[in-house]
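I have placed the structure first, in the form of structure tokens, so that the comments after it can refer back to it.
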Amino acid sequence: MTRPNIQATVIGASLSLLLSSGCYDGRDVDPEGAPQDVADDGDQDEDPTGDDGVNVGDYDVPLRLLTRSEYRGSLRVLFGDEVDLGLDLDLVPDTVVSGFHSVGAAEVTVGEMAAEKYEAAAWAVANRVFAADSDWSAQMGCQPAATLDDACTTDYIQKLGRLAFRRPLTSEELELWAAIARDATALTDEPAQGMATVVSGILQSPFFLYRVETIDPDNASESGRGRFDGASMATRLAFLLTGATPDEAMLDRAAQGEFDTRQGIQDAARALLDSDEASAHLGEFFVELASVDSVGNIDKDQESFPEFDEALAASMLEETRLWLRERVVAPGTDVRSLFDSNETFVDTRLAELYGLAAPPEPGAGFVPVALPPESGRAGLLGHASFLSRHSSPHSSAPTRRGFFLLSAFLCQVPPPPPPDVDTDVDSGEEDEGPMTTRQRFEQHVTDPSCAGCHNLMDPMGYTLEHFDPIGRYRTDEHGLPVDATAEVFGNTVNGAAELGAWLRDTPMTDACMVRNLYRYSNALKDDLPDIEVIEQVAEQLPGLDYQWRELLVDFVASEAFRSIAPVP
Amino acid sequence: MLDQLKISRRFALRGALSGVGVSLWLPVLDVMCNDHGTAFAQGGELPTSFGVFYWGNGIHHNYWVPDTMGSGDAWQLSSHLEAFAEVKDYLTLVSGTQMLDGVFKGHGWGVCYVLAGGDSHHADVTSDIDSHPVSFETDESTQFDPTVDQIVADAIGGDTPFASLETGILPYKGLNMGTVSLAIAHRGPYDYLPPERDPAKLFDRLFGNIPGGSPPPGDGPTPSDITHQLRRSVLDAVLEDAKRLDQKLGAADSMRLERHMESIRAIEQRIPSPGDNPPPASCQVPAEPGTIEEITEQSQTINRLIATALSCNLTRVYSHLWSGARDDNTYPVVGVNADHHGQTHGNNAAQEQAATIEKYIFDQYADLATVMRDTPMGAGNLLDQTLIYGITEVSNPKNHVHVDYPITLMGRAGGMLRGNLHHQAQGQKVTEVVLTLMQVMGVEIDNWGTWDNTSSIMSEILA
Chain A
21 MTRPNIQATV IGASLSLLLS SGCYDGRDVD PEGAPQDVAD DGDQDEDPTG DDGVNVGDYD
81 VPLRLLTRSE YRGSLRVLFG DEVDLGLDLD LVPDTVVSGF HSVGAAEVTV GEMAAEKYEA
141 AAWAVANRVF AADSDWSAQM GCQPAATLDD ACTTDYIQKL GRLAFRRPLT SEELELWAAI
201 ARDATALTDE PAQGMATVVS GILQSPFFLY RVETIDPDNA SESGRGRFDG ASMATRLAFL
261 LTGATPDEAM LDRAAQGEFD TRQGIQDAAR ALLDSDEASA HLGEFFVELA SVDSVGNIDK
321 DQESFPEFDE ALAASMLEET RLWLRERVVA PGTDVRSLFD SNETFVDTRL AELYGLAAPP
381 EPGAGFVPVA LPPESGRAGL LGHASFLSRH SSPHSSAPTR RGFFLLSAFL CQVPPPPPPD
441 VDTDVDSGEE DEGPMTTRQR FEQHVTDPSC AGCHNLMDPM GYTLEHFDPI GRYRTDEHGL
501 PVDATAEVFG NTVNGAAELG AWLRDTPMTD ACMVRNLYRY SNALKDDLPD IEVIEQVAEQ
561 LPGLDYQWRE LLVDFVASEA FRSIAPVP
Chain B
733 MLDQLKISRR FALRGALSGV GVSLWLPVLD VMCNDHGTAF AQGGELPTSF GVFYWGNGIH
793 HNYWVPDTMG SGDAWQLSSH LEAFAEVKDY LTLVSGTQML DGVFKGHGWG VCYVLAGGDS
853 HHADVTSDID SHPVSFETDE STQFDPTVDQ IVADAIGGDT PFASLETGIL PYKGLNMGTV
913 SLAIAHRGPY DYLPPERDPA KLFDRLFGNI PGGSPPPGDG PTPSDITHQL RRSVLDAVLE
973 DAKRLDQKLG AADSMRLERH MESIRAIEQR IPSPGDNPPP ASCQVPAEPG TIEEITEQSQ
1033 TINRLIATAL SCNLTRVYSH LWSGARDDNT YPVVGVNADH HGQTHGNNAA QEQAATIEKY
1093 IFDQYADLAT VMRDTPMGAG NLLDQTLIYG ITEVSNPKNH VHVDYPITLM GRAGGMLRGN
1153 LHHQAQGQKV TEVVLTLMQV MGVEIDNWGT WDNTSSIMSE ILA
């Protein structure tokens, strides 16, 4: 007996919720819960930002620029941990689209300033690795001739080029870069400068800065999907699981054809997951999903929240990163701890913010703590990073919080408000006497044309009302008691911990997490065309005891990751 | 003619490094002018330039709109515009415009309307910009059409080292509004040019020439021709790689790669080469700014760098993003410790706080204008030759009002604008103003705007 079809149950359920709630009125609702214009059916092909990608004609693989973090991570693979780059590389910030840096990286273009910064970063790194007064030949593993016209030089260029471009250099390319090395050495009379010049070029090459992924024409799936070739699978696995370009071992596996089989992919994935890089990187998916990496980008009203500063915002983010790594995506952990973990990590300032007894000494860094039930905190919903990021500068913004929870964790995006409505009900202090935030919001949502959607969004937000705009616990506002009880999808929920327990148990979050993983890992705005393969992966979660690493091993070997449907 | 004016940045750099480049805000071009200072001695006209000064969150109209209208002494400055007293001769206010098409829905809409004439991807104005199925916030907002500065840059930016120059002050704070709040300059969706906000980095972009502080080969601290040669050989190799990659790409990604390579070619052209013309002696590079934390000093320094870039003819198009659409920065510099956008939706006291912020922003805009007025060009000054489109995404921000945009134009564009004018353009569209500005700058375009498309020119503001 198979599990019920998620699309039919979960996604269908969300459709009926949106409709029965009266939330939507005026436009059709996509069967998968996403609002779209009635006449929009064929529109995906006309998206002016849609990429027709590599492999013209058959498949539509997004061409992805490295994110800033992928660029930095890849430098470690190229030059090793032992080279202290010691550089604060100044690259143009990533563009976040549909919640993810990767999706933005498949959309953006490199303007002049971005290209200048790539040039500056490339020369800075190259001159650091090949500083004339350093033991730079150690990087090459051999002592090249002073003129750089020898095998030591070409061997190193081939080795570095293969790591940087994620494929062997062609003989034409090798000769081009070797000539640059020779010419630069002749010009400067300094072989270190010759090598630095080559390295600077390789780091600026589009073959390094973009992930070029191609389909193996000889390895189509039974259903006609195009499977990525070995080098592309090495690339996809390494970036997804370690946040960096594949190392030599991965490229060797690719060359041996190991990624042509499901077993080979899973073996490689397990090897990667055992690395320190994977431990440091896996949580980043959830960091982006929760948008907490931009917590420092929300200023708080300094009169009401003078303690909110850059350092506190950085502590908040660090708490979430540490906790994700150790308590959510660690080996053997149930990923649903995301919603109900009662453990976390705090430094002095966070312990004070959370009102914990016996905070760590200043300078002691982060220590693990168990959160008492009276803290009201559970999982991510109790993290100051999440609560601050999803608040306004002066208000706990329950609509915003509810909207985000619905969108990010239940994959239900309420439609935009009707035209000509002042959506800024969140207006700070009004002149009509003390009210709680919730009372103010409830007052504004009496209009029946608004109530439909707000009745879907706001209750989830209300359950977090015990937390102020910087994530501090409160029992009352202006002397009025906080009411964090609300009806969420037919259940009465009181407070963040009960909401977390509900999110943990509803299968809607399983499916949504995998849908987001699919969009994140494939750099796609839209997951609906592949919803069937996504759903097959999501169905595995209970059988894997909800271990995220096990899910990843399943996911990367599935057609949701290793192949792509042909362009219709 | 302009080719002959290309500045050698090697020279500029030498001046900077040797410490002789003190703040002499002297013009670059006057020595090359005819006796009347109205044109180049060789016969070409003085270059005009186009700028955008943008700030987020609109304006409290009662403080911005003057009580009086007309030209010259017939109208007096409003309280928000007090700081423009010295440059009133160059100021053109257009009040009373409306967004006539469609239904206006907020900051994201407004910024598309005032900078790109709407959004061809949402041409019917019935869906929201952030209506993508999987957008968590509003991060799908991007300019689907090129912004006015880039349209002008395509027409007049080709002869200068920088086709356009993007600067800014406040990093965007608040909800993820997509790229419309991160940059003014867009060439297409997600194809945007972020501003440089750090005066020292801006200085390096304009006048420095060492990539990333890479130590040059050889013995001296001055970058040599050899360094330039090495950079050029690397960039050539990168362009060759791009050609190979391009063969594997479909049309959309091929265009993205082509934009990247355009950027590389622009960088390559800015590398000094022995054949460069010597720069005019009067193009003086200011001292390199140090680390600046204070916002007014940051603003004043960047304003001066913009004026220098123009007077040295490094660019003819500039856009200055004071703050992004729906910005949530606080302004402790004027005693406002609460977020700008939040204040615009607050009670009366909050509204006054927002107005205080607006006044401060206008003071900085006036500083830019005053610096330009004090920068000679030909027989006149930079304001005679330039034209700035001062704009924000909404009018009265509390209800996202889309009538009476506070259009604050500065400069005479080589005599094309009358200046010293408050024109009440009741019932006219913002797109008419922008179309007029583009034509003034020499763009061959006779109608503009996805929303409020127009072919009408606002002749009242022209000389």
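For the protein sequence lines, the chains are A and B, in the order given.
So in the numbering used here the end of the first sequence lands on 588, straight run, no missing numbers.
So in the numbering used here the end of the second sequence lands on 1195, straight run, no missing numbers.
Where is the CB? At the ideal position from N, CA and C, for every residue including glycine.
All figures in this text were calculated on a predicted structure; none of them were measured in a lab.
For residue i, which residues in the same chain have their Cβ closer than 6 Å to its Cβ, ignoring the five residues on either side in sequence?
i                 : result
Gly399 (chain A)  : Leu358, Phe359, Asp360, Ser361 and Gly520
Leu407 (chain A)  : Phe487 and Gly491
Ile1177 (chain B) : Met1170
Arg202 (chain A)  : Leu168 and Asp169
Ala585 (chain A)  : Arg245
Asp767 (chain B)  : Low local confidence applies: a pLDDT of 45 at Asp767 (chain B) is under 50, so the model's placement there is unreliable, and no value is given.
Arg539 (chain A)  : Asp547
Might you give, ordered along the chain, the residues of its own chain that have their beta carbon closer than 7 Å to the beta carbon of residue i, omitting 5 neighbours on each side?
i                 : result
Pro211 (chain A)  : Pro164, Ala166, Leu168 and Thr205
Thr1200 (chain B) : Nothing can be reported for residue 1200 (chain B): it is not among the residues displayed for chain B, which extend from 733 to 1195.
Lys137 (chain A)  : Asp110, Leu111 and Val112
Ala1057 (chain B) : Gly788, His839, Gly840, Gly842, Val843, Met909, Val912, Ser913 and Glu1125
Tyr904 (chain B)  : Ser913, Leu914, Gly1056 and Asp1059
Asn1069 (chain B) : Thr1062
Met1148 (chain B) : Val1172, Leu1194 and Ala1195
Cys532 (chain A)  : Phe429, Leu430 and Cys431
Glu90 (chain A)   : Phe259, Gly263 and Ala264
Can you check DSSP and say which residues form a bridge with residue i?
i                 : result
Gln1109 (chain B) : It should be pointed out that residue 1109 (chain B) corresponds to Met in this sequence rather than to Gln. Paired residues: B:Gly1112.
His1073 (chain B) : His1073 (chain B) pairs with nothing; no bridge assigned.
Pro527 (chain A)  : Per DSSP, none; premise fails for Pro527 (chain A).
Thr583 (chain A)  : Going by the sequence as given, residue 583 (chain A) is Ser instead of Thr. Per DSSP, A:Arg247.
Gln1156 (chain B) : B:Ser827
Gly1194 (chain B) : Per the sequence presented here, residue 1194 (chain B) reads as Leu, with Gly not at that position. Answer is B:Leu1149.
Leu500 (chain A)  : A:Glu497
Ser781 (chain B)  : B:Thr1118
How is the alpha helix (DSSP H) around residue i delimited, first residue to last?
i                 : result
Leu2 (chain A)    : One cannot answer for residue 2 (chain A) here, as it falls past the ends of chain A, which runs 21 to 588.
His1052 (chain B) : From DSSP, His1052 (chain B) is part of no alpha helix (DSSP H) but of the beta strand (DSSP E) over Val1049 to Leu1053.
Tyr845 (chain B)  : His839 to Ala848
Val1166 (chain B) : Val1162 to Val1172
Gln830 (chain B)  : No alpha helix (DSSP H) holds Gln830 (chain B); DSSP gives it neither H nor E.
Gly284 (chain A)  : Arg282 to Leu293
Cys172 (chain A)  : Ala171 to Phe185
Tell me which residue opens and which closes the beta strand (DSSP E) that residue i is part of.
i                 : result
Asn514 (chain A)  : Asn511 to Asn514
Pro468 (chain A)  : Per DSSP, Pro468 (chain A) belongs to no beta strand (DSSP E); it is in the alpha helix (DSSP H), Pro468 to Tyr482.
Val1142 (chain B) : According to the sequence as given, residue 1142 (chain B) is Met; it is not Val. Segment Ile1139 to Met1142, the beta strand (DSSP E) holding Met1142 (chain B).
Leu1119 (chain B) : Thr1118 to Ile1123
His301 (chain A)  : Where His301 (chain A) is concerned, there is no enclosing beta strand (DSSP E), although the alpha helix (DSSP H) it sits in stretches over Asp296 to His301.
Ala506 (chain A)  : Thr505 to Val508
Within the same chain, show all residues whose beta-carbon is closer than 8 Å to that of residue i, passing over the 5 residues directly before and after it, in chain order.
i                : result
Tyr922 (chain B) : Thr874 and Thr911
Ala350 (chain A) : Ser299
Ala6 (chain A)   : Any answer about residue 6 (chain A) is impossible in this case: the structure gives chain A only from 21 up to 588.
For a minimum of 4 consecutive residues, which ranges assigned as the alpha helix (DSSP H) are wholly contained in the stretch 545 to 573 of chain A? 551 to 558, all fully within the stretch 545 to 573 of chain A.
Report the start-end ranges of each alpha helix (DSSP H) in the stretch 206 to 241 of chain A that is 4 residues or longer and not cut off at the edges. Scanning the stretch 206 to 241 of chain A for uninterrupted alpha helix (DSSP H) segments of 4 residues or longer gives 211 to 224 and 226 to 229, listed from N- to C-terminal end.
For the stretch 111 to 130 of chain A against the stretch 82 to 98 of chain A, are there 3 or more C-beta pairs whose distance is under 8 Å? Yes, the stretch 111 to 130 of chain A touches the stretch 82 to 98 of chain A.
At which residue ranges does the stretch 321 to 346 of chain A contain complete alpha helix (DSSP H) runs of 4 or more residues, listed in the order of the chain? Counting only runs of 4 or more residues that sit fully inside the stretch 321 to 346 of chain A, the alpha helix (DSSP H) segments are 330 to 343, in chain order.
As an exercise, report each continuous alpha helix (DSSP H) stretch of at least 4 residues that is fully enclosed by the stretch 360 to 432 of chain A, in chain order. Listed in chain order, the complete alpha helix (DSSP H) runs (minimum 4 residues) inside the stretch 360 to 432 of chain A are 368 to 373, 404 to 409 and 418 to 430.
In the stretch 869 to 929 of chain B, which residue ranges form an unbroken alpha helix (DSSP H) of at least 4 residues, counting only runs that do not cross its ends? Here the runs fully enclosed are 880 to 888.
What alpha helix (DSSP H) runs, 4 residues minimum, are completely inside the stretch 962 to 1035 of chain B? Complete alpha helix (DSSP H) runs here, min 4: 983 to 1002.
Could you tell me which whole alpha helix (DSSP H) segments of length 4 or greater appear in the stretch 78 to 140 of chain A? For the alpha helix (DSSP H) assignment, the uninterrupted runs of no fewer than 4 residues enclosed by the stretch 78 to 140 of chain A are, from N- to C-terminal side, 88 to 99 and 121 to 125.
Check whether the stretch 264 to 282 of chain A and the stretch 94 to 106 of chain A touch, using three or more Cβ-Cβ pairs below 8 Å as the test. Taking 8 Å as the limit for Cβ pairs, the verdict is that the stretch 94 to 106 of chain A does touch the stretch 264 to 282 of chain A.
Any 3 or more C-beta pairs closer than 8 Å across the stretch 366 to 381 of chain A and the stretch 271 to 284 of chain A: They do not touch, by the three-pair rule.
Please go through the stretch 792 to 828 of chain B and give each complete beta strand (DSSP E) segment of 3 or more residues, from N-terminal end onward. If we require 3 residues or more, the beta strand (DSSP E) runs fully inside the stretch 792 to 828 of chain B come out as 823 to 827.
Is it the case that the stretch 1021 to 1033 of chain B contacts the stretch 1093 to 1102 of chain B, given that we only count it when at least three CB pairs across the two stretches are under 8 Å? Counting Cβ pairs under 8 Å, three or more are found: they touch.
Inspect the CB distances between the stretch 1153 to 1165 of chain B and the stretch 782 to 802 of chain B and report whether three or more fall short of 8 Å. The stretch 1153 to 1165 of chain B is in contact with the stretch 782 to 802 of chain B.
Inter-stretch contact at 8 Å, needing at least 3 Cβ pairs: the stretch 149 to 158 of chain A / the stretch 189 to 199 of chain A: Cβ pair count under 8 Å is below three, so no.
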